[in-house]
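J.:
Number of protein chains: 2
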Amino acid sequence: MPIEMPIGPALPALVVDRSSPVPLYFQLAQHLERAIDQGQLPPDTMLANEIQLAGQLGLSRPTVRRAMQYLVDKGLLVRRRGVGTRVVQPRVRRPLQLTSLHDDLLAGGRLPRTRVLSNVVEPAKPDIAQVLALPSGTPVISLVRLRSADGRPIARLTNHLLGDLPDARSLTTQALEQHGLYALLRAAGVVLHAAHQSIGARPATLAEARLLDETKGAALLTMSRLTFDERGRAVEYGTHVYVASRYSFELSLLNG
Amino acid sequence: MPIEMPIGPALPALVVDRSSPVPLYFQLAQHLERAIDQGQLPPDTMLANEIQLAGQLGLSRPTVRRAMQYLVDKGLLVRRRGVGTRVVQPRVRRPLQLTSLHDDLLAGGRLPRTRVLSNVVEPAKPDIAQVLALPSGTPVISLVRLRSADGRPIARLTNHLLGDLPDARSLTTQALEQHGLYALLRAAGVVLHAAHQSIGARPATLAEARLLDETKGAALLTMSRLTFDERGRAVEYGTHVYVASRYSFELSLLNG
DNA sequence: TAGTGGTCTAGACCACCGA
DNA sequence: CGGTGGTCTAGACCACTAA
Numbered sequence: 001m002p003i004e005m006p007i008g009p010a011l012p013a014l015v016v017d018r019s020s021p022v023p024l025y026f027q028l029a030q031h032l033e034r035a036i037d038q039g040q041l042p043p044d045t046m047l048a049n050e051i052q053l054a055g056q057l058g059l060s061r062p063t064v065r066r067a068m069q070y071l072v073d074k075g076l077l078v079r080r081r082g083v084g085t086r087v088v089q090p091r092v093r094r095p096l097q098l099t100s101l102h103d104d105l106l107a108g109g110r111l112p113r114t115r116v117l118s119n120v121v122e123p124a125k126p127d128i129a130q131v132l133a134l135p136s137g138t139p140v141i142s143l144v145r146l147r148s149a150d151g152r153p154i155a156r157l158t159n160h161l162l163g164d165l166p167d168a169r170s171l172t173t174q175a176l177e178q179h180g181l182y183a184l185l186r187a188a189g190v191v192l193h194a195a196h197q198s199i200g201a202r203p204a205t206l207a208e209a210r211l212l213d214e215t216k217g218a219a220l221l222t223m224s225r226l227t228f229d230e231r232g233r234a235v236e237y238g239t240h241v242y243v244a245s246r247y248s249f250e251l252s253l254l255n256g
Numbered sequence: 001m002p003i004e005m006p007i008g009p010a011l012p013a014l015v016v017d018r019s020s021p022v023p024l025y026f027q028l029a030q031h032l033e034r035a036i037d038q039g040q041l042p043p044d045t046m047l048a049n050e051i052q053l054a055g056q057l058g059l060s061r062p063t064v065r066r067a068m069q070y071l072v073d074k075g076l077l078v079r080r081r082g083v084g085t086r087v088v089q090p091r092v093r094r095p096l097q098l099t100s101l102h103d104d105l106l107a108g109g110r111l112p113r114t115r116v117l118s119n120v121v122e123p124a125k126p127d128i129a130q131v132l133a134l135p136s137g138t139p140v141i142s143l144v145r146l147r148s149a150d151g152r153p154i155a156r157l158t159n160h161l162l163g164d165l166p167d168a169r170s171l172t173t174q175a176l177e178q179h180g181l182y183a184l185l186r187a188a189g190v191v192l193h194a195a196h197q198s199i200g201a202r203p204a205t206l207a208e209a210r211l212l213d214e215t216k217g218a219a220l221l222t223m224s225r226l227t228f229d230e231r232g233r234a235v236e237y238g239t240h241v242y243v244a245s246r247y248s249f250e251l252s253l254l255n256g
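The listed protein sequences correspond, in order, to chains R and U.
Once you know that position 144 of the first sequence is 144 in our numbering, the rest is easy, because the numbers rise by one and skip nothing.
Once you know that position 10 of the second sequence is 10 in our numbering, the rest is easy, because the numbers rise by one and skip nothing.
1. Would residue 78 of chain R pass as an interface residue toward chain U - the criterion being a Cβ-Cβ separation below 9 Å?
2. My understanding is that residue 36 of chain R touches residue 87 of chain R, with C-beta atoms under 8 Å, so please give their C-beta distance in whole angstroms.
3. List the residues that DSSP assigns as beta-bridge partners of residue 229 of chain R.
4. In the DSSP assignment, find the unbroken beta strand (DSSP E) run with residue 55 of chain R in it and report its ends.
5. Can you pull the chain R residues whose beta carbon is under 7 Å from the beta carbon of residue 248 of chain U, in chain order?
6. With DSSP collapsed to three states, give me the class of residue 29 of chain R.
7. Quick test of the definition: if touching needs 3 or more C-beta pairs under 8 Å, does the stretch 147 to 166 of chain R touch the stretch 234 to 243 of chain R?
8. For residue 180 of chain U, which residues from the same chain have a beta carbon less than 6 Å from its beta carbon, with the 5 sequence-adjacent residues on both sides left out?
9. Could you check whether the Cβ of residue 239 of chain U sits closer than 9 Å to any Cβ belonging to chain R?
10. Report the partner residues of residue 149 of chain R according to the DSSP bridge assignment.
11. Does any residue of chain U bring its CB to less than 9 Å from the CB of residue 187 of chain R?
12. Between which two residues does the alpha helix (DSSP H) harbouring residue 177 of chain U extend?
13. Would DSSP call residue 221 of chain U helix, strand or coil?
14. Could you give the DSSP three-state label for residue 211 of chain U: helix, strand or coil?
15. Taking the C-alpha atoms as reference points, what is the distance between residue 70 of chain U and residue 118 of chain U?
16. According to DSSP, simplified to helix, strand and coil, what is residue 247 of chain R?
17. Is residue 22 of chain U helix, strand or coil by DSSP?
18. Helix, strand or coil: how does DSSP classify residue 142 of chain R here?
19. Should residue 50 of chain U and residue 162 of chain U be called a contact, given that it needs their Cβ atoms to be closer than 9 Å?
20. Can you give the beta carbon distance from residue 173 of chain U to residue 116 of chain U, rounded, assuming they're within the 8 Å contact cut?
21. Mind checking the stretch 202 to 217 of chain U against chain R and listing, in chain order, the residues whose C-beta falls within less than 8 Å of any C-beta there?
22. Along the stretch 49 to 76 of chain R, where does the CB come closer than 9 Å to a CB of chain U? Name the residues.
23. Exposed or buried, which one is residue 53 of chain R when buried takes at least 16 other CB atoms within 10 Å?
24. Run through DSSP, which three-state label would residue 88 of chain R get?
25. Cβ of residue 148 of chain R less than 9 Å from any chain U Cβ?
26. Within the 9 Å Cβ cut-off, does residue 160 of chain U reach chain R?
27. Let's see if you can read the secondary structure: which residues bound the alpha helix (DSSP H) around residue 185 of chain R?
28. Show which residues of chain U have a CB atom less than 7 Å away from the CB atom of residue 101 of chain R.
29. Less than 9 Å between CB atoms is the rule here; does residue 269 of chain U satisfy it with respect to chain R?
30. Per DSSP, residue 242 of chain U is paired with what?
31. In terms of alpha-carbon separation, which member of U:30, U:208 and U:82 lies closest to residue 74 of chain U?
32. Report all residues from its chain with a CB closer than 7 Å to the CB of residue 229 of chain U; omit the five preceding and five following residues, and keep chain order.
33. Please list, in chain order, the chain U residues whose beta carbon lies closer than 7 Å to that of residue 219 of chain R.
34. Measuring only the C-alpha atoms, how far is residue 34 of chain R from residue 20 of chain R?
35. Taking the straight line between their C-alpha atoms, what separation do you get for residue 66 of chain U and residue 25 of chain U?
36. Using alpha carbons as the reference points, say which of R:204, R:148, R:186 and R:198 lies closest to residue 214 of chain R.
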């Protein structure tokens, strides 16, 4: 059986800051998450029960429950009625925001470089207008970028964005060559809430092969993504191709 | 502005069943979800506020809040402090369980067929043992299936499962030709909790081309998936190849 | 049987939004 | 300013698990 000592006092004392604007449940959740990350709560550790924890921390039981539920959703804890709460083994976290190739490469310790091949505002072509649910001819930002890592091309990224975004100005070619598109959008206050993705594959055309430093017919991964803001409005549509020999998609899934 | 009439009385009356084992918050959530699905609460509709709703339904405010939070997580509602709760536009739902090719094909209105090419229990080869975190040589179930839809091959599915699953018996060749693997596992009480996936692409070998009714060098999608149960134990490892000309992965993502 | 998490209640105060 | 959702509390009862 995966039994371990119950825990509570062994944790570094948490002093909740009731004057902070950060919610108490979130302070507790961060505290536990840090303890798990740093190995103070190794996998399979049983946590003290809610009542004890609440008493030790000077919080109410619902507040403690909320912190725990947050970590369960994130994949760090498992709870079973009649049994208790345990720290989970391998660590499959629900990603907190939409993945970005730029950030993924950075996180993987690779050095991403971006060359902007095209950056214009133009009337939406009929197919793009339809996907974004716009009247045909509405101005949209059209973007083509070549993304490389460690000196070799990885992907050609094609994006179409709503022209009336509050931040259209900030998408300069220079900014785009130094940051990921999603990071720029977030920094400008655009909240990306949900997305539809479709991932496929096909052989490279001659032009693609040349651009991507591959041979004609090499396998390319294709990904198209339609992104929505919190109002459910389509904000961005991207159609990208990736060099399959140098890139693959890594995903983590959690059951609800 | 996306304004609509406040709602509440216009809903078909909900009678909560306090004797049911189904939690009250969930009864309410299902009721609202059905109303949204059936168009009684069209997109952009403002809901009545929590206090009113609680009063009308004879529930407490926390219970109503919990139902709403559930629907927010599912992508059906959007809430803003000081403003209210609105039904969301397009409908990007968080999938409720790990996707299964068999079920995806069924849901897409296609007719999946499965041929079991191999179904044996054997000592784990070193690479498989390492991925599943088992001692080398531990018995594992090895499975190879050919999945077709509408009469044409779609994918070759290769799986390795822990040999000591409670349901190893139920994975008969006959059962596997009629149901998806995940459905069989769930039916046998195995709770799949999380997974790591990696999606890539490569050209088909000659043998793969023959099996999959394609030409050598055709683009194949590859997907490997390591699945964990609720204890965080690796339970299943699959390495699959899909005919890219007839299949693509569709995903929905929600920000946390 | 004792202990756990799951659900539910009736209050309270606050931060934020729009008029 | 009034109204909204966000947070927090201190109880209560229940279903499930394990010994």
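Built from N, CA and C at the ideal position, the CB exists for glycine as well.
This one's a predicted model, so the numbers in the text were calculated from it and none came from an experiment.
T.: The relevant details are as follows:
1. Locating residue 78 of chain R in the first sequence gives position 78, where the first residue counts as 1. Yes, residue 78 of chain R lies at the interface with chain U (some Cβ there is under 9 Å from its Cβ).
2. Locating residue 36 of chain R in the first sequence gives position 36, where the first residue counts as 1. Locating residue 87 of chain R in the first sequence gives position 87, where the first residue counts as 1. Rounded, the Cβ-Cβ distance is 6 Å, consistent with contact.
3. Stepping through the first sequence from its first residue, residue 229 of chain R is reached at position 229. Residue 229 of chain R pairs with R:192.
4. Here residue 55 of chain R is taken as the residue at index 55 of the first sequence, counted from 1. Residue 55 of chain R -> not in any beta strand (DSSP E); alpha helix (DSSP H) instead, spanning 50 to 57.
5. Within the second sequence, the letter at position 248 stands for residue 248 of chain U. Residues of chain R passing the Cβ test: 198, 199 and 200.
6. By one-based count along the first sequence, residue 29 of chain R stands at place 29. DSSP places residue 29 of chain R in helix when its eight states are reduced to three.
7. yes
8. Start at 1 with the first residue of the second sequence, and residue 180 of chain U comes out as number 180. Within the same chain, residue 180 of chain U has close Cβ partners 100, 102 and 103.
9. The residue you call residue 239 of chain U lines up with position 239 of the second sequence. With 9 Å as the cut-off, residue 239 of chain U does not count as an interface residue toward chain R.
10. Translated into positions along the first sequence, residue 149 of chain R becomes position 149. In DSSP, residue 149 of chain R forms a bridge with R:112 and R:152.
11. Position 187 of the first sequence, counted from the first residue, corresponds to residue 187 of chain R. Cβ-Cβ to chain U under 9 Å: no for residue 187 of chain R.
12. Within the second sequence, the letter at position 177 stands for residue 177 of chain U. Unbroken alpha helix (DSSP H) run through residue 177 of chain U: 173 to 178.
13. If you number the second sequence from 1, residue 221 of chain U lands on position 221. Residue 221 of chain U falls in the strand class under three-state DSSP.
14. Indexing the second sequence from 1 puts residue 211 of chain U at position 211. Residue 211 of chain U falls in the helix class under three-state DSSP.
15. Numbered from its first residue, the second sequence carries residue 70 of chain U at position 70. Numbered from its first residue, the second sequence carries residue 118 of chain U at position 118. Cα to Cα, residue 70 of chain U sits roughly 42 Å from residue 118 of chain U.
16. For this step, residue 247 of chain R is matched to residue 247 along the first sequence. Residue 247 of chain R falls in the coil class under three-state DSSP.
17. On the second sequence, residue 22 of chain U is found 22 positions in, with the first residue counted as 1. Reduced to three states, the DSSP call for residue 22 of chain U is coil.
18. By one-based count along the first sequence, residue 142 of chain R stands at place 142. DSSP places residue 142 of chain R in strand when its eight states are reduced to three.
19. Position 50 of the second sequence, counted from the start, is the residue given in the question as residue 50 of chain U. Position 162 of the second sequence, counted from the start, is the residue given in the question as residue 162 of chain U. Contact: no.
20. The sequence position of residue 173 of chain U within the second sequence is 173, counting from 1. The sequence position of residue 116 of chain U within the second sequence is 116, counting from 1. Their Cβ separation, rounded to whole angstroms, is 5 Å, which keeps residue 173 of chain U and residue 116 of chain U in contact under 8 Å.
21. 202, 203 and 217
22. 62, 73, 74 and 75
23. Numbered from 1 along the first sequence, position 53 holds the residue referred to as residue 53 of chain R. Looking at its Cβ environment, which holds 16 or more other Cβ atoms inside 10 Å, residue 53 of chain R is buried.
24. Position 88 of the first sequence holds residue 88 of chain R. Three-state DSSP puts residue 88 of chain R in coil, outside helix and strand.
25. Working through the first sequence from its first residue, we reach residue 148 of chain R at position 148. By this cut-off, residue 148 of chain R is not an interface position.
26. As a position in the second sequence, residue 160 of chain U is number 160, starting the count at 1. Residue 160 of chain U does not count as touching chain R.
27. The count along the first sequence starts at 1 and reaches residue 185 of chain R at position 185. Per DSSP, residue 185 of chain R belongs to the alpha helix (DSSP H) from 181 to 187.
28. In the first sequence, residue 101 of chain R corresponds to position 101, counting from 1. Result: empty, since nearest Cβ-Cβ is about 14 Å, beyond 7 Å.
29. A query on residue 269 of chain U cannot be resolved here, the shown segment of chain U reaching from 1 to 256 and no further.
30. The count along the second sequence starts at 1 and reaches residue 242 of chain U at position 242. DSSP lists U:155 and U:221 as partners of residue 242 of chain U.
31. Position 74 of the second sequence, counting from 1, holds the residue named residue 74 of chain U. Nearest option by C-alpha distance: U:30.
32. In the second sequence, counting from the first residue as 1, residue 229 of chain U sits at position 229. Around residue 229 of chain U: 190, 191, 192, 193 and 235.
33. Taking the first sequence and counting its residues from 1, the one referred to as residue 219 of chain R is at position 219. 201, 202, 203 and 219, listed in chain order.
34. In the first sequence, the residue the question calls residue 34 of chain R occupies position 34. In the first sequence, the residue the question calls residue 20 of chain R occupies position 20. Taking the straight line joining both Cα atoms gives about 19 Å.
35. By one-based count along the second sequence, residue 66 of chain U stands at place 66. By one-based count along the second sequence, residue 25 of chain U stands at place 25. Cα to Cα, residue 66 of chain U sits roughly 6 Å from residue 25 of chain U.
36. For the purposes of this step, residue 214 of chain R is taken as residue 214 along the first sequence, with counting starting at 1. Among R:204, R:148, R:186 and R:198, the Cα nearest to that of residue 214 of chain R is on R:204.
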